[in-house]
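Asker:
There are 2 protein chains.
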Amino acid sequence: MPTHFIDQLAAAVRRRRSAICAGLDPRLGSLPPALVGDSPPERPADQAELFRQFCCEVVDVVADKAPVVKPQAAFFEELGPAGMQALAAVIAHARRRDLLVLVDGKRNDIGSTAEAYARGWLGPHSPWQADALTVSPYLGADSLQPFVDWAAPAGAGVFVLVKTSNPGGGLLQDLPAPDRPVYRHVAALVEQLAERTVGDCGYGLVGAVVGATYPEQLAELRAAMPHAWLLIPGYGSQGGRAVDAAPGFDGAGLGAVVNNSRGLIFAYQREPYRSRYQPHQWQRAVDDAARDMLAELAECVPSPPA
Amino acid sequence: MPTHFIDQLAAAVRRRRSAICAGLDPRLGSLPPALVGDSPPERPADQAELFRQFCCEVVDVVADKAPVVKPQAAFFEELGPAGMQALAAVIAHARRRDLLVLVDGKRNDIGSTAEAYARGWLGPHSPWQADALTVSPYLGADSLQPFVDWAAPAGAGVFVLVKTSNPGGGLLQDLPAPDRPVYRHVAALVEQLAERTVGDCGYGLVGAVVGATYPEQLAELRAAMPHAWLLIPGYGSQGGRAVDAAPGFDGAGLGAVVNNSRGLIFAYQREPYRSRYQPHQWQRAVDDAARDMLAELAECVPSPPA
Chain W
0 MPTHFIDQLA AAVRRRRSAI CAGLDPRLGS LPPALVGDSP PERPADQAEL
50 FRQFCCEVVD VVADKAPVVK PQAAFFEELG PAGMQALAAV IAHARRRDLL
100 VLVDGKRNDI GSTAEAYARG WLGPHSPWQA DALTVSPYLG ADSLQPFVDW
150 AAPAGAGVFV LVKTSNPGGG LLQDLPAPDR PVYRHVAALV EQLAERTVGD
200 CGYGLVGAVV GATYPEQLAE LRAAMPHAWL LIPGYGSQGG RAVDAAPGFD
250 GAGLGAVVNN SRGLIFAYQR EPYRSRYQPH QWQRAVDDAA RDMLAELAEC
300 VPSPPA
Chain E
0 MPTHFIDQLA AAVRRRRSAI CAGLDPRLGS LPPALVGDSP PERPADQAEL
50 FRQFCCEVVD VVADKAPVVK PQAAFFEELG PAGMQALAAV IAHARRRDLL
100 VLVDGKRNDI GSTAEAYARG WLGPHSPWQA DALTVSPYLG ADSLQPFVDW
150 AAPAGAGVFV LVKTSNPGGG LLQDLPAPDR PVYRHVAALV EQLAERTVGD
200 CGYGLVGAVV GATYPEQLAE LRAAMPHAWL LIPGYGSQGG RAVDAAPGFD
250 GAGLGAVVNN SRGLIFAYQR EPYRSRYQPH QWQRAVDDAA RDMLAELAEC
300 VPSPPA
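Right under this line is the structure:
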């Protein structure tokens, strides 16, 4: 087992022949009624227990089809301290199922404070035990460095926001600055950090978040950051398709994972799964949706070598 | 008591005749030995209990000299779930002491996920019960809107990173884009949101983070965002002086709070306080440092009307 995080990720993708990142975005109003019962609980602690149970069951379903899961910190944080305990439990469960855990926290701060985030989140010996964390670049290179410094010895990685999937992301990211957009400046920094931390698989510990909702920029950014593994959000409910995500991969079918959150974990709500299964069979809907996503990706992305 | 957050802040500044924001950045290695004992505990839960105790004591000392405290989420998060419970306890204690609580989390995400952060953190009826939260603008206007929408009914506010205090902040923030720096684009958005949410005091629910370490840009940004209350970090240990922070205030001594973290809470470590007090009197060092900061500010900033 390689200890360099990105080699672990590449190995996990190869082993499962899958580049799915399963996004764990528990939302109370979307949880399967079979789990919630007649009326959702009011106490945050009871809601958090439902989140834990739901996410752990999703983890069990996807464990053989996704190399990595991405819990969204916001939804756990929304429930206060009880939610954070549930997050820790979900991370621990995913690790027991041999999944890599990428926490979507979009954290950052200046120097020594960024270091506190890095120490808290990154690596199997940290309190949260995440394998990787998403970080925001607005505070500049000296705010990213502590994450990079900490990631290597911790056996962990970071994914820097470069070009996000939301409609308004361009307001700042696309500003001409002055000869190229802001996101290209961030990409240049990410590539530099990725190249310096490269593993056996050819990618570095510093990856980039680039949305599937802007396929042209995705191709541009794949070329601009040859050493950065990409986390591609925006697939599914945000409108991105497999063909839109495909430019994020290299010729061997590596170099990217495609995230799917709602489209996977709440698949029971949508067709064809809604008609196919009874409400208490929501896990089978997750399973089918993951298989269907794998098939869609296989049409446009080379299968990674086993 | 006004219910609009920014009017509460203005009233609190007036009542105490103070624009100090006391930054609660607990770091295990800097805690007073009188509190920690011979050797710091190893279990995160025990460390978190020390953080809680230390921050609550700091709150008690500054309660009559600072209108607002700013717990730094990173240091609590660093300890895992136990740290988050300590953070909740510190927030609750500060509220009981009639202090406003601005959580420094630099959070953000896209649309509905940003909403989860807003619901979780903002207002007295949220799980965390913060009065305000710092947020990052990299994801654009549609990522800020959920915070603004939620802040008003919750009786809370948000502070958007505009020009941060760290040396490397300029890498992205100062990029010419193309006719004005990136931070001016963010400032224009903040001013728009502030103007739309203006309270009786003339400022809006959306404020801005602008470092004291760049006094020229601070003056420029004060003028560019006449409706945005400023949170000014970088004073003290980061090199900013009262005279550097002064351009952030309006003619009536309102419109800004100046944060001091290490310089205040760990004052026992530095002169003249180190020589003045015994180790077990670290609270008196905090008290003196707050008084000295008030005196320094009074030399360059008009005293707010009582």
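Order-wise, the sequence lines are chains W and E. The end of the first sequence is residue 305 by numbering that gives the first Met the number 0, with every number in the run present. The end of the second sequence is residue 305 by numbering that gives the first Met the number 0, with every number in the run present. Cβ coordinates follow ideal geometry from the N, Cα and C atoms, glycine included.
Could you tell me whether the Cβ of R221 (chain W) comes closer than 8 Å to any Cβ of chain E?
Answerer: No, its Cβ sits nowhere closer than 8 Å to a Cβ of chain E.
Asker: When DSSP builds the beta bridges, which residues end up paired with P70 (chain E)?
Answerer: Partner(s): E:L23.
Asker: For T324 (chain W) versus G104 (chain W), is the C-beta spacing smaller than 8 Å?
Answerer: Residue 324 (chain W) is absent from the structure shown; chain W starts at 0 and stops at 305.
Asker: Where do the ends of the alpha helix (DSSP H) carrying R183 (chain E) lie?
Answerer: 181-195 is the extent of the alpha helix (DSSP H) around R183 (chain E).
Asker: Near G203 (chain E), what residues of its chain come up, given a Cβ to Cβ distance below 8 Å and the 5 sequence neighbours on each side ignored?
Answerer: Hits under 8 Å: I5, L192, A193, E194, R195, T196, V197, H226, A227, W228.
Asker: Going by CA-CA distance only, name the one from W:Q84, W:F248, W:A18, W:P166 that's closest to E219 (chain W).
Answerer: Of W:Q84, W:F248, W:A18, W:P166, the residue nearest in Cα terms is W:F248.
Asker: From the DSSP secondary-structure annotation, give me the bridge partner or partners of Y276 (chain E).
Answerer: Answer is none; Y276 (chain E) lacks a bridge partner.
Asker: If you measure between the beta carbons of Q46 (chain W) and L78 (chain W), is that distance less than 8 Å?
Answerer: Yes, they are a contact pair.
Asker: Could you give the distance in angstroms between the alpha-carbon of D148 (chain E) and the alpha-carbon of W281 (chain W)?
Answerer: If you take the alpha carbons of D148 (chain E) and W281 (chain W), they lie about 33 Å apart.
Asker: Distance check for A73 (chain W) and Q84 (chain W), CA to CA, integer angstroms please.
Answerer: Rounded to whole angstroms, Q84 (chain W) to A73 (chain W) spans 13 Å at the Cα level.
Asker: So what's D103 (chain E) in DSSP terms, helix, strand or just coil?
Answerer: Of the three classes helix, strand and coil, the one that applies to D103 (chain E) here is strand, per DSSP.
Asker: So, using beta-carbon positions, are P40 (chain E) and P126 (chain W) closer together than 8 Å?
Answerer: No; because the gap between Cβ atoms is not below 8 Å, this pair is not in contact.
Asker: Under DSSP, the beta strand (DSSP E) around F146 (chain E) begins and ends at which residues?
Answerer: Not the beta strand (DSSP E): F146 (chain E) falls in the alpha helix (DSSP H), residues 140-153.
Asker: Pick helix, strand or coil for F265 (chain W), following the three-state DSSP scheme.
Answerer: The answer is coil: DSSP assigns F265 (chain W) none of H, G, I, E or B.
Asker: A255 (chain W) by DSSP, collapsed to three states: which one?
Answerer: If DSSP states are grouped into helix, strand and coil, A255 (chain W) belongs with the strands.
Asker: Identify, in the order they occur along the chain, each residue of the same chain with its Cβ nearer than 6 Å to the Cβ of Q216 (chain E), setting aside the five sequence neighbours on each side.
Answerer: Contacts found: K162.
Asker: Apply the 10 Å Cβ neighbour rule to E298 (chain W) and answer buried if 16 or more other Cβ atoms are within range, or exposed otherwise.
Answerer: It counts as exposed.
Asker: From which residue to which residue does the alpha helix (DSSP H) around G206 (chain W) run?
Answerer: Element bounds for G206 (chain W): not the alpha helix (DSSP H) but the beta strand (DSSP E), 205-209.
Asker: Can you find a C-beta in chain E that's less than 8 Å from the C-beta of E41 (chain W)?
Answerer: No, no contact with chain E.
Asker: Answer yes if the segment 12-32 of chain W comes into contact with the segment 276-294 of chain W, meaning at least three C-beta pairs across the two stretches below 8 Å, and no otherwise.
Answerer: Taking 8 Å as the limit for Cβ pairs, the verdict is that the segment 12-32 of chain W does touch the segment 276-294 of chain W.
Asker: For the 8 Å Cβ check, are there 3 or more pairs between the segment 173-191 of chain E and the segment 181-190 of chain W?
Answerer: Cβ pair count under 8 Å is three or more, so yes.
Asker: Any beta-carbon of chain W closer than 8 Å to the one on Y314 (chain E)?
Answerer: Because chain E here runs from 0 to 305, residue 314 (chain E) falls outside it and cannot be looked at.
Asker: List, in order along the chain, the chain W residues whose C-beta lies closer than 7 Å to that of R118 (chain E)?
Answerer: The contacting residues are E77.
Asker: Short check: CB of V68 (chain E) to CB of P303 (chain E), under 8 Å?
Answerer: Cβ atoms of V68 (chain E) and P303 (chain E): not closer than 8 Å.
Asker: Decide if D37 (chain E) is buried, meaning its Cβ has at least 16 other Cβ atoms within 10 Å, or exposed.
Answerer: D37 (chain E) is exposed by the Cβ-count criterion.
Asker: Taking any Cβ of chain W, which residues in the segment 51-80 of chain E have a Cβ under 8 Å from it, in chain order?
Answerer: So the list reads Q71, A73, F74, E76, E77, L78, G79, P80, given in the order they occur along the chain.
Asker: Taking Cβ-Cβ distances shorter than 8 Å, what residues in chain E pair up with G160 (chain W)?
Answerer: Correcting the residue type first, residue 160 (chain W) is Leu in the shown sequence and not Gly. Correct list: Y137, L138.
Asker: So, under 8 Å CB-CB, V157 (chain E) and A187 (chain E) are touching, yes? Tell me the CB distance rounded to an integer number of Å.
Answerer: So it is not a contact: roughly 16 Å between Cβ atoms.
Asker: Listing by chain order, which chain E residues have their CB less than 9 Å from the CB of L30 (chain W)?
Answerer: Per Cβ cutoff of 9 Å: no residues; L30 (chain W) is ~14 Å from chain E at best.
Asker: Taking buried to mean at least 16 other C-beta atoms within 10 Å of its own C-beta, is Q277 (chain W) buried or exposed?
Answerer: Label assigned to Q277 (chain W): exposed.
Asker: So which of W:R15, W:P31, W:A10 has the shortest CA-CA distance to L263 (chain W)?
Answerer: Closest option to L263 (chain W), Cα to Cα, is W:P31.
Asker: With 9 Å as the limit, tell me which residues of the segment 141-172 of chain W have their beta carbon closer than that to any beta carbon of chain E; keep them in chain order.
Answerer: Residues passing the 9 Å Cβ filter: D141, S142, L143, Q144, L160, T163, S164, N165, P166, G167, G168, G169, L170, L171, Q172.
Asker: Give me the DSSP bridge partner(s) of I231 (chain E).
Answerer: In the DSSP output, where bridge partners are listed per residue, I231 (chain E) has E:V257.
Asker: Interface residues of chain W around V189 (chain E) at Cβ under 9 Å?
Answerer: Chain W residues near V189 (chain E): none, gap ~12 Å exceeds 9 Å.
Asker: Roughly how many angstroms separate the alpha carbons of A241 (chain W) and Y234 (chain W), rounded to a whole number?
Answerer: Answer to the nearest angstrom: the Cα atoms are 7 Å apart.
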